[in-house]
Each structure stands twice: as C-alpha cells, then as structure tokens.
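Notes follow once the structure below has been shown.
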Amino acid sequence: MKALLPRIEISLSQIQHNAQMLSELYGQKGIALMGVSKATLGEPAIAHAMLQGGVKFIADSRLENILKMKNAGILTEFVLLRTALSQAEWVVANVDISLNTEIETVSALSYYAKMQNKIHQIIVMVELGDLREGILPGNLSEFIQQTLSLSNINIIGIGCNLACYGGIKPDNQNMQELSALADAIEHEFQIDLKIISGGNSANYQWYESAQKVERINNLRLGESILLGCETVNREPIPGLYTSAFKLIAEVIESKEKPSLPTGEICQDAFGNVPTFIDRGMQKRAIIALGRQDVPTSSLKLNHHWEILGSSSDHVVLDSKMII
Ligand SMILES: *Cc1c(COP(=O)(O)O)cnc(C)c1O
C-alpha cells in the first residue's frame, strides 16, 4: 500500500529565498533577523534554510525543538522565546539567549548558570499593549536593577511582542516607546543594550512606512519567512513565495451533485444546524482529510476551488466547473 497521502510538501529553496529577501529588506535599515522555527516543531532542514538565507539566530518557544535542531547539527545562536521556571536548569544548559519577564525565573537562570559555570544572556520583554508577555514599562527599571544584581545573567537587550494576544498593531508609537525605554535603561544603568527586538511578522507595514526605525535592530520572524506574508492583514510580501508549504490530499469521490441537500435539515456532525443556498448542480469532490487533521478554515485553495464543508475525515469541495 502506498501510504503517502495526505502529506505536506515543503520547498526549502523557497524558504531560503524568503529568508534572504527579508534579511536584505530589513537589513537596509539595520534590522537583523531571528528565524522562528516553532511552527515547524524545530525542523532542522527548515532552520538550515533560514540560516542559509541570512537570519542571524534561530528562535523557538520550545526547548524540545531547540534540542532537536542542535542534535541535528544546526550551528547558530539559539533563542528561547518562552521561558519557564521549571525548565531553568535545562534552559541554561541548552540555550544561548532567553526571553524573560519574571525575576524568579531569571534568578533561577542565574543560579543554574553559576552551577554550570556560564553566563546566561537574556532579552527582557516589555508589555506595550498586546497583553501577552511583558513587564509593564513602569516596572522595567526595577526589574533591570534586580537583574543586574544577579551574578551570572547578562542583559543583552529588550523586546516586545505585539499582534499576538490582543491583535495590537506595531506602529510608530509603540516602536518609539520601545526605543525610548532602551535609551532610558542604558542611561539609568550605564549598560549597553545590543538587541532591541521590535516584534514579529506583524511589523512589516510599520517597517515599510517608518522613516526611521530608531533603536529597533532586531525582529523575530516565523510566518513571513515560511508563508511569505505579513500578519496584520495577511497580505503577501512582494517578491516572496507564498506556497512553500503544500498540503497534498487524495480525491476519494468526484461527482456532479445538487447544491441543496434533500430531506428535513437537522443537526450536522458538530451539533450545528446548517443552511444552504441553491446554486444548482455542482461538480463536487471529497478529499481524504478532515477536521481531525487540520482546521479546514485555515486552508487556502489553489485555483478557484471552494471548501463547502468538512467533517472529521472528509472535506467537500466545489470545483466551480460549469456544468
Ligand atoms: C511566535 C513568536 C514570534 C514569531 O511570530 P510570527 O508571527 O510567526 O513571525 C516572535 N516572537 C515571539 C515571542 C513569538 O512567540
């Protein structure tokens, strides 16, 4: 039996191209990139393609993914995007830089770094409105002061994350605020912040429209490298490939059928009562893939096909062929 379907076909050369175009684009105003690998569970071949394209770091939210890449021989600086107190010892042993917001966690990182005879580097995340991770700007100074008293921690930068939980758009105002916080911290504590990390794939429009990027010199990009789009409106970025990932599935039925079901309509497989519009006869296809495999609402179709609906193991498509 050939069990090759369904599958995702990934073009490493297109991912490398996207990473290279974005490295060049953001590089024009002095911004270096972290390639974010979490959406591919730290697939080493993809991290390699990102690095070949010119990203300077590989960042992931899961230690397991970073270990997978290291074990596969990926050589770069690894950044952990989400740091948990319970993993502090493991973080210090395996990661060069981690993003942090809790003094208890940073203290534990320092403790284990001392035990392991290391200096662990951190980027301190600041809350600028999106309300996911971040220290409130008013509490940043105190946090930096407490961190500076820890023997084996080096603060290499500050950063923020927007357009994730609250859908807050990166703009001149919040980027200026991050730049001003960097200046203020450097001035107050007489330290150098090497990395000012302004955000993720949602920062594209801000970057394109900004006259000056001020202190922002780093972005952490996953989706725009992988899928070739920005993430405020999910518009394609010019010059990038948008189909480096292709889902291939098998057609298991292809027939002309009416668009209106017959009989009395009750609940469907998910407890909803569906409604239908009569569009006459349709050339319909069923693919062997369902909601157990993928959230079908997030699929984009080639050509002019349309997803009519899906159940746990079937997706029903309209090929839009004139009958
Ligand atoms: C996932 C993540 C990113 C990457 O986001 P994209 O939208 O894929 O570019 C950047 N920073 C942090 C902290 C993240 O968790």
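First residue of the sequence shown: 245, per my numbering; consecutive thereafter.
Here a beta-carbon is modelled for each residue, glycine too, at the ideal position from N, C-alpha and C.
Source: prediction; values computed, not measured.
> Would you say the beta carbon of LYS300 comes nearer than 7 Å to a heavy atom of ligand 1?
Replying inline: Locating residue 300 in the sequence shown gives position 56, where the first residue counts as 1. No - ligand 1 has no heavy atom lying nearer than 7 Å to the Cβ of LYS300.
> Is GLY466 near ligand 1, in the sense that its beta carbon is under 7 Å from a heavy atom of that ligand?
Replying inline: Position 222 of the sequence shown, counted from the first residue, corresponds to residue 466. Within the cutoff, so yes.
>> For ALA352 and HIS548, I'd like the C-alpha separation in whole angstroms.
In response: Here residue 352 corresponds to residue number 108 of the sequence shown, with the count starting at 1. Here residue 548 corresponds to residue number 304 of the sequence shown, with the count starting at 1. Taking the straight line joining both Cα atoms gives about 54 Å.
> Does any heavy atom of ligand 1 sit closer than 7 Å to the C-beta of ALA283?
Replying inline: Here residue 283 refers to the residue found at position 39 of the sequence shown. Checking the Cβ of ALA283 against ligand 1 gives yes.
> Going along the chain, which residues of its own chain have a beta-carbon closer than 7 Å to the beta-carbon of THR540, five neighbours each way excluded?
Replying inline: By 1-based counting over the sequence shown, the position of residue 540 is 296. These residues qualify, in order along the chain: ILE551, SER554 and VAL559.
> Quick check: the region 415-435 against the region 464-477, are there 3 or more CB pairs under 8 Å?
Replying inline: no
>> Runs of 3 residues minimum, wholly inside the region 264-299: which ones carry the beta strand (DSSP E) assignment?
In response: 276-280
> What is the DSSP secondary structure of VAL368, counted as helix, strand or coil?
Replying inline: Translated into the one-based positions of the sequence shown, residue 368 becomes position 124. If DSSP states are grouped into helix, strand and coil, VAL368 belongs with the strands.
> When the cut-off is 8 Å and only beta carbons count, does SER503 lie next to chain D?
Replying inline: The structure shown contains no chain D, having only a single protein chain.
> Around the C-beta of GLU377, are 16 or more other C-beta atoms found within 10 angstroms, so that it is buried, or is it exposed?
Replying inline: Locating residue 377 in the sequence shown gives position 133, counting from the first residue. Buried, since its Cβ has 16 or more Cβ neighbours within 10 Å.
> Got a sec? Which residues, its chain only, sit under 8 Å from ASP304 by beta carbon, not counting five neighbours each side?
Replying inline: Reading the sequence shown from its first residue, position 60 is the one you call residue 304. Taken in chain order, the residues that qualify are VAL280, SER281, LYS282, GLY286, ILE310, MET313, PHE322, VAL323, LEU324 and LEU325.
>> Quick check on ALA407: buried or exposed, where buried means 16 or more other Cβ atoms within 10 Å of its Cβ?
In response: In the sequence shown, residue 407 corresponds to position 163, counting from 1. With 16 or more Cβ atoms within 10 Å of its Cβ, ALA407 is classed as buried.
>> I need the DSSP call for VAL350, collapsed to helix, strand or coil.
In response: Taking the sequence shown and counting its residues from 1, the one referred to as residue 350 is at position 106. VAL350 falls in the helix class under three-state DSSP.
>> Given this structure, state the Cα-to-Cα distance separating SER445 from ILE366, to the nearest angstrom.
In response: Numbered from its first residue, the sequence shown carries residue 445 at position 201. Numbered from its first residue, the sequence shown carries residue 366 at position 122. So the alpha carbons of these two residues sit roughly 21 Å apart.
>> For PRO381, which residues in the same chain have their Cβ closer than 8 Å to its Cβ, ignoring the five residues on either side in sequence?
In response: Within the sequence shown, the letter at position 137 stands for residue 381. So the list reads VAL370, GLU371, LEU372, GLU421 and LEU425, once near-sequence residues are dropped.
> Can you give the beta carbon distance from LYS544 to ILE252, rounded, assuming they're within the 8 Å contact cut?
Replying inline: Reading the sequence shown from its first residue, position 300 is the one you call residue 544. Reading the sequence shown from its first residue, position 8 is the one you call residue 252. 13 Å between Cβ atoms; not a contact.
>> In the DSSP output, what is SER554 paired with across the bridge?
In response: Along the sequence shown, read from residue 1 onward, the residue named residue 554 stands at position 310. DSSP lists VAL559 as partners of SER554.
>> Quick check on DSSP: helix, strand or coil for THR487?
In response: One-based indexing of the sequence shown puts residue 487 at position 243. Note on identity: in this sequence residue 487 is Ser, with Thr being the wrong assignment. Coil at SER487, not helix or strand.
>> Let me confirm a value: VAL457 is counted as buried when at least 16 other C-beta atoms fall within 10 Å, else exposed. Which label applies?
In response: Position 213 of the sequence shown holds residue 457. When all chains shown are included, VAL457 counts as buried.
> Any idea which residues DSSP pairs PHE514 with across the strands?
Replying inline: Position 270 of the sequence shown, counting from 1, holds the residue named residue 514. DSSP, once it has assigned bridges, lists no residue as partnering PHE514.
>> For ALA291 and LEU256, which I take to be in contact (beta-carbon distance under 8 Å), what is that distance rounded to the nearest angstrom?
In response: Position 47 of the sequence shown holds residue 291. Position 12 of the sequence shown holds residue 256. Not really, about 10 Å apart at Cβ, beyond 8 Å.
> Given that a residue counts as buried once 16 or more other Cβ atoms are within 10 Å of its Cβ, and exposed if not, what is VAL517?
Replying inline: For the purposes of this step, residue 517 is taken as the residue at position 273 of the sequence shown. By the neighbour-count rule (16 or more Cβ atoms within 10 Å), VAL517 is not buried but exposed.
>> Would SER231 and GLY411 qualify as a contact pair, given that the criterion is a beta-carbon distance under 8 Å?
In response: Residue numbering for the chain in the displayed model covers 245 to 567; residue 231 lies beyond these limits and cannot be assessed.
> Straight-line CA distance for LEU343 to ASP557?
Replying inline: Stepping through the sequence shown from its first residue, residue 343 is reached at position 99. Stepping through the sequence shown from its first residue, residue 557 is reached at position 313. Going from the Cα of LEU343 to the Cα of ASP557 covers about 39 Å.
>> What residue range does the alpha helix (DSSP H) around ALA426 cover?
In response: Working through the sequence shown from its first residue, we reach residue 426 at position 182. Where ALA426 is concerned, the enclosing alpha helix (DSSP H) stretches over 416-433.
> For GLY382, which of helix, strand or coil comes out of DSSP?
Replying inline: For the purposes of this step, residue 382 is taken as the residue at position 138 of the sequence shown. GLY382 falls in the helix class under three-state DSSP.
> Is the beta carbon of ALA263 less than 8 Å from the beta carbon of GLY297?
Replying inline: On the sequence shown, residue 263 is found 19 positions in, with the first residue counted as 1. On the sequence shown, residue 297 is found 53 positions in, with the first residue counted as 1. The answer is yes: Cβ separation under 8 Å.
> Near GLY274, what residues of its chain come up, given a Cβ to Cβ distance below 8 Å and the 5 sequence neighbours on each side ignored?
Replying inline: Along the sequence shown, read from residue 1 onward, the residue named residue 274 stands at position 30. Closer than 8 Å at the Cβ level, and outside the excluded window around GLY274, lie VAL457 and ASN461.
> Can you tell me where the beta strand (DSSP E) with GLN449 in it begins and where it stops?
Replying inline: To locate residue 449, count along the sequence shown from 1; it is residue 205. No beta strand (DSSP E) contains GLN449, which is instead part of the alpha helix (DSSP H) from 448-453.
> Does ligand 1 have even one heavy atom less than 7 Å from the beta-carbon of LEU372?
Replying inline: In the sequence shown, residue 372 corresponds to position 128, counting from 1. No, since every heavy atom of ligand 1 falls outside the 7 Å radius drawn around the Cβ of LEU372.
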